[in-house]
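Asks: To start, I am sharing the structure in question, which I have written as structure tokens.
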């Protein structure tokens, strides 16, 4: 199980964010993307999720371009961005059932309510999403991860997942992520919070070190292990 980025170049507006970026993520690994505001963290995550197009380069899943296996890739990946992607007109538990259905999974009401309870939203299960606070909406979106445990979604791409969470929710999310790693799951994420996660190998990519004129090989200097063995080369 491998996610690869090969010689990516990403542009926002008229500004090139980075060029020659290559990386590889394997089963059980977690890659934290760091960088200053405007360095391209969200753009990179959206590109790796297949939600934004790179100016150049390619993203591969299991050795195939994600453009050639788009539906298969999206069924095996969960992306959660900055904004809590919830439907205001649906009840909290209905949001989880709906999100699972979009991925081709089946989630019943009881399982949805259990996922909400795990994130401290048990009493909000019957409330419409529009009535929830920003913190509750964030937890509702993250409850998708709990509901996907044990399912065929090995890759999780999360943009600032710990924002707007209280300590209990942070603890619950960390436990969910650790169970994901234990099953061989992969995580690509951004966060300003230093947390004790337990993947088989923790990696870090600092976009501030990936300058626009840098060659692909320079990316290896920007990706470093924070736990475990050395990161694999991102070879085609």
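Numbering (our numbering), first residue to last: 173 to 408.
For glycine and all other residues, C-beta sits at the position ideal for the given N, C-alpha and C.
#1: Spell out the partners DSSP gives residue 205 in its beta bridges.
#2: At the level of alpha carbons, what is the spacing between residue 294 and residue 190?
#3: Would residue 226 and residue 219 be called neighbours here (beta carbons separated by less than 7 Å)?
#4: By DSSP, does residue 230 sit in helix, in strand, or in coil?
#5: Within the continuous alpha helix (DSSP H) that includes residue 308, where are the two ends?
#6: What residue range is occupied by the uninterrupted beta strand (DSSP E) comprising residue 334?
#7: Which one or two residues does DSSP pair with residue 174 in a beta bridge?
#8: Could you compute how far the alpha carbon of residue 306 sits from the alpha carbon of residue 340?
#9: Candidates 382, 281, 368, 358: which alpha carbon is nearest residue 346's?
#10: Per DSSP, what kind of secondary structure is residue 291 in: helix, strand or coil?
#11: Considering only DSSP beta bridges, list what residue 362 is partnered with.
#12: With DSSP collapsed to three states, give me the class of residue 236.
#13: DSSP three-state label for residue 161, please.
#14: Just confirm the distance between the C-beta atoms of residue 312 and residue 264, as a whole number of angstroms; I'd bet it's less than 8 Å.
#15: Spatial neighbours of residue 271 within its chain, please: CB distance less than 7 Å, with the 5 preceding and 5 following residues excluded, ordered by chain position.
#16: In whole angstroms, what is the alpha-carbon distance linking residue 228 and residue 378?
#17: Within this structure, are the beta carbons of residue 182 and residue 215 separated by less than 7 Å?
#18: From residue 246 to residue 221, what does the alpha carbon distance come to, in whole angstroms?
#19: Within 10 angstroms of its Cβ, does residue 301 collect 16 or more other Cβ (buried), or is it exposed?
#20: Helix, strand or coil: which one does DSSP assign to residue 274?
#21: Among the residues of its own chain, which have a CB less than 8 Å from the CB of residue 387, if the five just before and after it don't count?
Replies: According to the data block:
#1: If you number the chain shown from 1, residue 205 lands on position 33. Answer by DSSP bridge pairing, in chain order: 377.
#2: Counted from its first residue, the chain shown places residue 294 at position 122. Counted from its first residue, the chain shown places residue 190 at position 18. For residue 294 and residue 190, the distance between alpha carbons rounds to 43 Å.
#3: Mapped onto the chain shown, residue 226 falls at position 54. Mapped onto the chain shown, residue 219 falls at position 47. Contact: yes.
#4: As a position in the chain shown, residue 230 is number 58, starting the count at 1. It is a strand residue.
#5: Stepping through the chain shown from its first residue, residue 308 is reached at position 136. From DSSP, the alpha helix (DSSP H) with residue 308 extends over 306-319.
#6: Counted from its first residue, the chain shown places residue 334 at position 162. Residue 334 -> no beta strand (DSSP E), and no H or E assigned at all.
#7: In the chain shown, counting from the first residue as 1, residue 174 sits at position 2. Within the DSSP secondary-structure output, residue 174 pairs in a beta bridge with 198.
#8: Taking the chain shown and counting its residues from 1, one reaches residue 306 at position 134. Taking the chain shown and counting its residues from 1, one reaches residue 340 at position 168. If you take the alpha carbons of residue 306 and residue 340, they lie about 16 Å apart.
#9: For the purposes of this step, residue 346 is taken as residue 174 along the chain shown, with counting starting at 1. Measuring from the Cα of residue 346, the nearest candidate turns out to be 368.
#10: As a position in the chain shown, residue 291 is number 119, starting the count at 1. In this structure, residue 291 counts as coil in the three-state DSSP scheme.
#11: Position 190 of the chain shown, counting from 1, holds the residue named residue 362. Partner(s): 331.
#12: The residue you call residue 236 lines up with position 64 of the chain shown. Of the three classes helix, strand and coil, the one that applies to residue 236 here is strand, per DSSP.
#13: Outside the shown range of the chain (173 to 408) lies residue 161, about which nothing can therefore be said.
#14: For this step, residue 312 is matched to residue 140 along the chain shown. For this step, residue 264 is matched to residue 92 along the chain shown. Confirmed, about 6 Å.
#15: Residue numbering aside, residue 271 sits at position 99 when the chain shown is read from its first letter. Contacts found: 316.
#16: For the purposes of this step, residue 228 is identified with residue 56 of the chain shown, where counting begins at 1. For the purposes of this step, residue 378 is identified with residue 206 of the chain shown, where counting begins at 1. Distance between the alpha carbons of residue 228 and residue 378: 20 Å.
#17: Against the chain shown, residue 182 aligns to sequence position 10. Against the chain shown, residue 215 aligns to sequence position 43. Yes. Within cutoff.
#18: As a position in the chain shown, residue 246 is number 74, starting the count at 1. As a position in the chain shown, residue 221 is number 49, starting the count at 1. Distance between the alpha carbons of residue 246 and residue 221: 8 Å.
#19: Position 129 of the chain shown, counted from the start, is the residue given in the question as residue 301. So residue 301 counts as buried.
#20: On the chain shown, position 102 is the one that residue 274 refers to. Looking at residue 274 - three-state DSSP - the assignment turns out to be helix.
#21: The residue labelled residue 387 in the question sits at position 215 within the chain shown. For residue 387, the predicted structure reports a pLDDT of 43, less than 50, and the residue's modelled location is therefore unreliable. A value from the coordinates is still provided. Once the five neighbours on either side are set aside, the close Cβ partners of residue 387 are 192.
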